[in-house]
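A short write-up of the structure that comes next.
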Amino acid sequence: MNLSAFLPGLLLLAAPLSAGAHDAGALGKLGATVETDPKYPPVVSHTLKNGLKVLILEKKFAPTVSFAMTFKVGNVDCPSGKTGLAHVFEHMAFKGTKTMNTRNYAKEKKVLDRIERTARELIGEEARGDAADKARVDELTKRLTALEKEAGELSVSGEFFGTYEKLGANGLNAATAVDYTVYQVSLPADRAEAWMIMESDRFKNPVLREFYKERSVIMEELRMGESKPGNILFENLSAAAFKAHPYHNPTIGWMDDLKKLTRTDAEEFYARFYVPNNATLAIVGDVDAAEMLRMTEKYFGDWKKGELPSDAYTVEPEQNAERRVNVFFDAQPAFYMGFHNPGEAHPDTPALIMLSEVLSNGKTGRFYRNLVEGKNLALYAGSHHSLPGSRYPSLFLVVGYPRAPHTAAALEAAVWEELDAVKKTPPTEWELEKIINNYEAEMVRGLENDLNFAKNLSHNDRIMGDWKYDWALLERLKRVKPADVSAAAGKYLTRSNYTIVSLAPAAAGDGAPHASPSPAGGKAGE
Amino acid sequence: MTTAALSFADHPVLSRFGPLDFRPGKPERYVLENGLTVYMLRDNTLPVVHISAFIRAGNAADLPGKAGIAQMTSYLVKDGGSARYKADEIDRTLEYLGASISGDAFSEETRLDMTALRKDLGKVLDIYADVLISPAFEEEKVKVARDSELEVIRRRNDKPDESAVREAKRVFYGPSHPYGTRTELETVGSITRADLLAFHGAFYRPNNAILAVSGDLPSDEKTLDTLREKFGGWKKAEIAAAVIPPAPELSDRRVYFIDKKVPQAFLVVMQKGTDYLDPDNYPLAVMTDILGGGFQSRLFREVRTARGLAYSVYSANARRRNGGFLFSYCGTKPETYSQALSEMLRQLELAGSAAPAADEVSRSKGSIVNPFVFKFATPHKLVSERALEELYGFKPGYLDSFVADVSAVSAADALKAGKKYFDPSKAVIFVIGDKSKFDRPLSEFGPVTELKED
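Here it is, written out as structure tokens:
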């Protein structure tokens with residue numbers, strides 16, 4: 039359990055990466071701009087006519103290049119009743135195109151269309167539950183299996199993966215979150231053009247073959263998550279804390295929604311959100327920026343832009359309640375607490391970031407000093423100012439893992455004592471300076487790993503609105519006063535804005551319900 | 004594109020990229036008077052310095068009855084303070100500067116990593132050298148670390164996927180073999196400050212360590228002067244390396260099982276693997292990759308892509324100094340677990356009996372050789388790889404000829420290695436899952452020993 043993995047990876051303060059190395063003339067002709075303020079790395083920016091934003095940082099040590107393409111589409115954007123669709127499409131984006139993974143697309147397409155008709159009939163029948171016609175379900179299942187076999191003979195399964203692996207791909211992956219989807223890979227630098235060919239084709243001409251088999255793979259991914267205590271806690275916390283906003287839903291989707299998703303759903307989702315004006319591509323490594331821009335234009339220039347739908351989803355109403363959930367599961371006790379936060383752009387957010395760091399940054403953080411050491415109650419206690427996302431108001435998260443023989447209730451009470459202490463007494467100047475120093479050091483170290491830096495650039499540009507977001511945030515953090523931290527704690531970490539999900543051993547779920555654990559330290563709830 | 008089959012592999016641009024011609028750089032190597040070996044690479048791209056000390060003693064060096072001591076020592080050299088710095092002072096100094104020192108123990112080695120901004124190097128390096136050479140193991144900090152490790156033991160079955168691999172190793176090697184053992188409440192509970200001091204004294208010695216140094220450093224001469232000043236007083240000593248008995252030879256297939264109500268069944272098939280220096284490693288790496296090494300491997304293709312039975316399925320060769328293990332892993336729903344397990348065994352059988360296709364061999368070789376460059380993607384990765392090359396005792400030039408050695412593997416070589424190592428009739432199968440939902444009885448796969456989770 040390491041929450042620091044969730045921290046926004048912060049970037050460079052004053053990189054001696056030389057801005058002079060660029061061929062400014064060539065870049066200018068291409069319409070690109072180069073960052074020249076020495077406060078920032080010399081990132082080259084350009085937006086294609088179709089809206090695709092491209093960011094490039096030349097960086098030489100090893101002959102490698104890293105690519106990250108972030109789309110502003112995540113689980114929040116899934117239509118009602120189709121949770122998990124963003125993640126399903128991400129899996130399907132590895133299944134090839136009209137020319138990749140196929141022996142004969144014209145023939146294959148006919149079979150794929152028959153598969154789709156059969157699958158939709160099958161899903162329709164199965165959705166009737168107990169009233170479903172079993173014989174018809176069996177017949178359709180058999181037909182689907184036969185058709186999938188026929189389609190398999192017309193396809194080259196795994197060719198997209200295999201081509202990348204043979205080229206020497208490193209870190210080939212994609213990730214779907216509530217707010218975004220990112221596609222990532224690093225390659226030996228001499229084969230950057232291979233990336234252009236593969237990726238432009240996959241985003242312009244994807245063919246969602248093997249859809250129903252891949253859906254089964256995703257159902258296994260869901261079951262895998264349901265075997266992990268941390269996942270179960272977080273899923274229950276989101277579902278309990280958000281009643282109306284789509285952060286309520288797990289990114290993997292609800293099992294029943296997955297069972298009903300069709301290839302047609304995924305194709306419609308693709309058509310709506312996978313447009314160049316919804317993406318930022320970041321390229322970091324041993325490449326020539328002008329050459330990369332020319333290639334981007336050549337391979338991605340004819341990708342059609344589209345109109346993006348509104349993303350003003352249901353606003354979560356004020357909580358005005360304490361929500362307490364006990365999940366019965368065969369594992370040792372643990373809890374996740376959530377408090378609604380006001381969203382990333384809100385003026386209180388820098389103080390909430392500082393608050394989270396004061397509580398849980400390192401061994402000098404208060405949780406470690408007072409709960410792991412000090413009172414000796416915890417194996418671990420941590421916090422983060424905003425999960426699961428940043429596009430909408432989210433949750434200030436606190437997690438606790440008690441150390442036997444101490445109970446979750448005792449640790450919960452001790453956490454509240456820490457929260458109340460910050461409300462009453464502002465943190466010291468030393469505690470805040472330490473955080474600023476840590477952020478600055480992390481911004482330098484963030485530049486060491488090219489793939490992570492590429493992901494950070496594309497994420498900040500597309501989701502936070504500016505690739506320089508981290509520098510701007512640092513300035514906001516520097517203006518936070520100790521009293522602001524106390525005020526933010528008092529305003530947001532309240533009982534009426536509080537949800538806690540606790541894990542209890544499975545046996546506790548049998549028999550009569552117990553009185554809910556007494557919320558010791560209860561005077562916090564104004 | 005409507006009619007004729009056009010293979011994407013014949014794409015005019017894509018087919019241009021063959022094997023990557025890459026040779027890792029050679030950082031300077033120095034040996035100090037007390038036997039401390041130093042690999043050094045200066046690089047001023049970023050104002051950061053990294054140092055890693057690699058110690059030739061990891062979890063396999065745990066003493067009988069003291070399982071967990073290598074791990075606790077690795078944490079406590081820094082967390083327990085040193086001769087000249089109190090533990091709390093170290094944490095306050097490092098965390099205020101955004102610097103870090105952290106230790107961890109692996110099977111064969113322990114590493115202690117340091118990261119600092121260039122401007123703070125003097126202060127941080129002084130602490131780093133003092134904790135490495137003269138840790139104090141303050142009693143209170145030892146208690147905190149011990150309490151944490153005990154709690155980790157109480158929680159060790161919370162993640163059944165990890166439990167399945169750990170318990171498979173335990174029955175494969177036997178619970179008292181250094182590679183099969185696990186920490187217990189009694190072993191960790193018995194570890195005292197005196198034990199930690201003794202373990203540190205036995206293994207944390209300059210002649211038993213390699214230092215990898217990289218980043219924004221002054222000249223080699225100046226850096227060496229600094230290292231001599233900080234590490235020169237570290238006393239060498241004779242090292243009694245841990246004795247590792249050979250891995251067991253399996254003569255049949257045995258199934259071990261823990262009944263647990265979880266949404267997936269976790270399947271592990273384990274067999275004997277290789278040592279670091281085994282010449283079979285090149286062909287075996289190719290064959291293991293073909294079997295279960297990536298998105299295009301046979302296990303991934305057959306169990307995941309074609310049948311939709313798993314999200315996570317793979318195989319790997321966990322090499323060790325003496326007697327590593329090969330294993331295949333799968334997490335799958337209990338209602339169809341037998342299909343996944345049958346397919347895993349069928350693929351192991353095939354890997355041990357049939358020559359791989361030419362395109363499988365060429366894809367696997369590409370996927371091993373071409374990403375090799377990423378092991379050296381940063382200055383610190385490069386010096387660390389060179390340090391480990393020496394620490395593990397590889398032949399000189401191992402890294403330099405790695406690409407050529409893997410490229411030379413033929414389909415026949417891969418088959419020969421497959422025949423020697425992959426034989427599902429001699430294997431440990433370990434399963435954790437919900438028996439009430441199994442589609443077939445486990446006994447169909449071999450004689451079953453049912454164990455209790457503990």
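Here the protein sequences line up with chains E and A, keeping their order. Sequence positions in the first sequence follow our numbering and run 39 to 564. Sequence positions in the second sequence follow our numbering and run 4 to 457. Glycine included, each C-beta is placed from N, C-alpha and C at the ideal position.
So with Cβ pairs under 8 Å, would you call residue i a contact of chain A?
i      : result
E/D168 : no
E/G196 : yes
E/R483 : yes
E/D217 : no
E/V410 : yes
E/K402 : The question names Lys, yet the displayed sequence has Thr at residue 402 of chain E. Yes, contact with chain A.
E/P314 : no
E/I94  : no
E/N414 : yes
E/G241 : Position check: residue 241 of chain E holds Phe in this sequence, whereas Gly was assumed. So no, E/F241 is outside the interface.
E/S238 : no
E/L417 : yes
E/A327 : no
Which whole-angstrom value is the C-beta distance of residue i and residue j, which I expect to be below 8 Å?
i      : j      : result
A/A73  : A/K144 : Not a contact, Cβ separation roughly 17 Å.
E/N316 : E/Y530 : No, E/N316 and E/Y530 are not in contact; Cβ-Cβ is about 32 Å, not under 8 Å.
A/S331 : A/G295 : 6 Å
A/S217 : A/L44  : 5 Å
A/Y340 : A/D442 : 7 Å
A/I58  : A/A212 : 5 Å
E/A327 : E/E96  : 6 Å
A/R307 : E/V255 : 6 Å
A/F377 : E/S118 : So it is not a contact: roughly 42 Å between Cβ atoms.
If we define contact as Cβ-Cβ less than 8 Å, is residue i a contact residue for chain E?
i      : result
A/K29  : no
A/Y314 : yes
A/L302 : no
A/E393 : no
A/Q350 : no
A/S370 : yes
A/V386 : no
A/F20  : yes
A/D442 : no
A/A360 : no
A/Q267 : yes
A/R323 : no
A/P50  : yes
A/N373 : yes
At least three beta-carbon pairs within less than 8 Å, the region 321-329 of chain E to the region 135-149 of chain E
Touching, no, given that fewer than three Cβ pairs across the two stretches are closer than 8 Å.
The region 176-194 of chain A / the region 57-72 of chain A touching (three or more Cβ pairs under 8 Å):
They touch, by the three-pair rule.
Closer than 9 Å, Cβ to any Cβ of chain E: which residues of the region 150-167 of chain A, in chain order?
Of all residues in the region 150-167 of chain A, only D150, S151, L153, E154, V155, R157, R158, N160, D161, K162, P163 and D164 place a beta-carbon less than 9 Å from a beta-carbon of chain E.
For the region 376-396 of chain E against the region 517-534 of chain E, are there 3 or more C-beta pairs whose distance is under 8 Å?
The region 376-396 of chain E makes contact with the region 517-534 of chain E, as at least three CB pairs between them are under 8 Å.
Within the region 199-271 of chain E, note down every full alpha helix (DSSP H) run reaching 4 residues or more, in order along the chain.
Here the runs fully enclosed are 230-242 and 249-263.
Inside the region 298-385 of chain E only - alpha helix (DSSP H) runs reaching at least 4 residues:
DSSP runs (the alpha helix (DSSP H)) wholly in the region 298-385 of chain E: 301-311 and 327-338.
In chain order, which alpha helix (DSSP H) runs of at least 4 residues are fully inside the region 401-445 of chain A?
Annotation: the region 401-445 of chain A contains the following complete segments of the alpha helix (DSSP H) (minimum length 4 residues), in chain order: 401-410 and 414-424.
Is it true that the region 371-378 of chain A meets the region 430-445 of chain A, where meeting means three or more beta-carbon pairs spaced less than 8 Å apart?
Not touching, per the Cβ criterion.
Between the region 358-389 of chain E and chain A, which residues of the former have a C-beta closer than 7 Å to a C-beta of the latter?
The residues in question are D368, A369 and Q370.
Residues in the region 438-464 of chain E with C-beta within 9 Å of chain A's C-beta atoms, listed in sequence order?
Of all residues in the region 438-464 of chain E, the ones placed with a Cβ closer than 9 Å to any Cβ belonging to chain A are Y439, P440, R441 and A442, in chain order.
Below 8 Å, how does it come out for the region 148-161 of chain E and the region 187-198 of chain E: are there three or more Cβ pairs, yes or no?
A contact between stretches requires three or more CB pairs, one per stretch, nearer than 8 Å, and the region 148-161 of chain E meets this requirement with the region 187-198 of chain E.
Under 7 Å, CB to CB, which of the residues in the region 186-210 of chain E have a partner in chain A?
Under the 7 Å Cβ criterion, the region 186-210 of chain E contributes S195, G196, E197, F199, G200, T201, E203, K204, L205, G206, A207 and N208.
Chain E contacts made by the region 66-78 of chain A, where a contact means CB separation under 9 Å:
From the region 66-78 of chain A, no residue has a Cβ closer than 9 Å to chain E.
Are three or more beta carbon pairs between the region 245-261 of chain E and the region 272-283 of chain E nearer than 8 Å?
Segments in contact, no.
With contact counted as at least three CB pairs below 8 Å, one residue from each stretch, are the region 121-131 of chain E and the region 352-367 of chain E in contact?
Judged by Cβ distances under 8 Å, the region 121-131 of chain E makes no contact with the region 352-367 of chain E, as fewer than three pairs qualify.
As an exercise, report each continuous alpha helix (DSSP H) stretch of at least 4 residues that is fully enclosed by the region 136-210 of chain E, in chain order.
Whole alpha helix (DSSP H) segments, 4+ residues: 143-164, 172-192 and 197-205.
Complete runs of the beta strand (DSSP E) confined to the region 417-501 of chain E [at least 3 residues]
The region 417-501 of chain E contains these whole beta strand (DSSP E) runs: 433-440.
If contact means a Cβ-Cβ distance below 7 Å, which residues of the region 254-266 of chain E contact chain A?
Per Cβ criterion, the list reads S254, V255, E258, E259, R261, M262, E264, S265 and K266.
Which runs of the alpha helix (DSSP H) spanning at least 4 residues fall entirely within the region 133-188 of chain A, listed in chain order?
Listed in chain order, the complete alpha helix (DSSP H) runs (minimum 4 residues) inside the region 133-188 of chain A are 142-157 and 163-176.
Below 8 Å, can you find three or more Cβ-Cβ pairs linking the region 469-485 of chain E to the region 36-54 of chain A?
Judged by pairs of C-beta atoms under 8 Å, the region 469-485 of chain E touches the region 36-54 of chain A, as three or more such pairs exist.
Below 8 Å, can you find three or more Cβ-Cβ pairs linking the region 287-303 of chain A to the region 413-432 of chain A?
Contact between the region 287-303 of chain A and the region 413-432 of chain A is present: 3 or more CB-CB pairs across the two stretches fall below 8 Å.
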